[in-house]
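Q: Take a look at the following structure, please.
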Amino acid sequence: MSEFEKYATDGAYHWVQADPSPGNTRYNAPLAARYQALVGALKAPRGLFLDVGCGDGYLIYALRQAGVGRVMGLDDNRLGVHLAAEQLRARYEAQNLVLRGSTYALPYANATFDGITLADVIEHLQDPAHAVMEMARVLKPGGVLALSTPNWHPQRPLSRFHVQEFKPQELRDLLAPHFARVDIWGCWHARWLAAWKAGGWQRQGINTLARYGWNPLGRVTARVTLQHEQLIVLAWR
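Its first residue numbered 56, the sequence shown is counted upward by one per residue in the working numbering.
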């Protein structure tokens, strides 16, 4: 089963796993931390945003909750787009928020968006340079690209779902031709992630901390090391 076939078996699982309700046994503190770190890095985002590779649409919701007035989504997975539209229609009156389309040929005019998010997508792309060029094209001058991706580690095998996992400098080199400034942070410290993965009381304890507003996996630092399993990147046009 491919990673994205989960939609057929688990439905809009990002919404379930990011829900901190006490009775939710599927709550996933690392997943919630990724969204929190990505949205938090944007501080107080405003304007028109596009979530590329939006999947079932949870990040669109998180951005709206953070105060972004309008967020659109795009994904090439038909079921993901359907689930995103279904989840978002249940919460907002606006229609046509999510389109099916290619990351390599974004169906928008130049300089359309104030911000773009790309949550754990770039590692799946066969041609990330082409995708970055397209996202830069549809960003307004001064607009921001916010992305998350696993931090490459020499002792961790490449995920069978990933084409490439990036070192911080490789991301800088990829983004620099199109963006004036690139900032990179690390989160998901390996110690906390290993404890969560161990399950049992350790996972329960971390999930409880996260539910009550302190998610140790979401702590970010500009001093990125191999101990940080996830990268958070902001690139300004």
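Glycine residues also receive a C-beta, built at the ideal position from the N, C-alpha and C atoms.
Between the Cα of H244 and the Cα atoms of Q259, Y267, E220 and A277, which residue gives the shortest distance?
A: Checking every option, the nearest Cα to that of H244 belongs to A277.
Q: Just the Cα atoms here: how many angstroms apart are V187 and D106?
A: So the two alpha carbons sit approximately 13 Å from each other.
Q: List, from N- to C-terminal side, the alpha helix (DSSP H) runs of 4 residues or more that fit wholly inside the region 78-148.
A: 84-96, 113-120 and 133-144, all fully within the region 78-148.
Q: Which first and last residues belong to the beta strand (DSSP E) in which A290 is found?
A: First-last of the beta strand (DSSP E) with A290: H283 to W291.
Q: Taking 8 Å as the cut-off, decide whether the C-beta atoms of G50 and F104 are in contact.
A: Residue 50 lies beyond the range of the chain shown here (56 to 292); nothing can be said about it.
Q: Do the region 269-288 and the region 206-220 meet, that is, are 3 or more Cβ pairs less than 8 Å apart?
A: Contact between the region 269-288 and the region 206-220 is present, because at least three Cβ pairs lie under 8 Å.
Q: So is P183 buried or exposed if we call it buried at 16+ other beta carbons inside 10 Å?
A: Buried, since its Cβ has 16 or more Cβ neighbours within 10 Å.
Q: Assuming A88 contacts G273 under a Cβ cut-off of 8 Å, what Cβ separation, rounded to an integer in Å, is found between them?
A: With 8 Å as the limit, A88 and G273 qualify as a contact, their Cβ atoms being about 3 Å apart.
Q: Going by beta-carbon coordinates alone, are D111 and H69 separated by less than 8 Å?
A: In this structure, H69 lies closer than 8 Å to D111 by Cβ.
Q: Which class does L226 belong to by DSSP, given the choice of helix, strand or coil?
A: In the structure shown, L226 sits in a helix (DSSP, three-state: H, G or I).
Q: Would you mind sorting W251 into buried or exposed? The rule is 16 or more other CB atoms within 10 Å of its CB.
A: So W251 counts as buried.
Q: Tell me whether D175 is buried or exposed, calling it buried when 16 or more other Cβ atoms sit within 10 Å of its Cβ.
A: It counts as buried.
Q: From what residue to what residue does the alpha helix (DSSP H) around T263 run?
A: G255 to R266 is the span of the alpha helix (DSSP H), which, as asked, contains T263.
Q: Would you check if the distance between the CB atom of F216 and the CB atom of L194 is smaller than 8 Å?
A: Against a cut-off of 8 Å, the Cβ pair of L194 and F216 comes out as no contact.
Q: From S307 to A67, what distance separates their C-alpha atoms?
A: Outside the displayed range of the chain (56 to 292) lies residue 307, so it cannot be described from this structure.
Q: Pull up the CB-CB distance for V126 and L138, whole angstroms please, since I reckon it's below 8 Å.
A: The pair is not a contact, with the Cβ atoms about 16 Å apart (cut-off 8 Å).
Q: Give every residue of the same chain whose Cβ lies closer than 6 Å to the Cβ of R266, excluding the five residues on either side of it in the sequence, and list them in chain order.
A: Closer than 6 Å at Cβ, skipping near neighbours: P75.
Q: How many whole angstroms separate the CB atoms of G108 and T158, which I take to be in contact at a CB cut-off of 8 Å?
A: Sure, about 6 Å apart at Cβ, within 8 Å.
Q: Can you say whether N165 is buried or exposed, counting buried as having 16 or more other CB atoms within 10 angstroms of its CB?
A: By the neighbour-count rule (16 or more Cβ atoms within 10 Å), N165 is not buried but exposed.
Q: Taking the CB atoms as reference points, tell me whether G124 and V153 lie closer together than 8 Å.
A: Cβ atoms of G124 and V153: not closer than 8 Å.
Q: How many angstroms separate the CA atom of A249 from the CA atom of W240?
A: The alpha-carbon atoms of A249 and W240 are separated by roughly 20 Å.
Q: Please check the pair L143 and I115, which I expect to be a contact at CB under 8 Å, by giving their CB distance rounded to whole angstroms.
A: Right, the Cβ-Cβ distance comes to about 6 Å (below 8 Å), so this counts as a contact.
Q: With a 10 Å radius around its C-beta and 16 neighbouring C-beta atoms as the bar for buried, classify R133 as buried or exposed.
A: With fewer than 16 Cβ atoms within 10 Å of its Cβ, R133 is classed as exposed.
Q: Ends of the beta strand (DSSP E) at A201?
A: Counting along the chain, the beta strand (DSSP E) containing A201 begins and ends at L194 to P205.
Q: Return the first residue and the last residue of the beta strand (DSSP E) that R236 is part of.
A: Element bounds for R236: R236 to H244.
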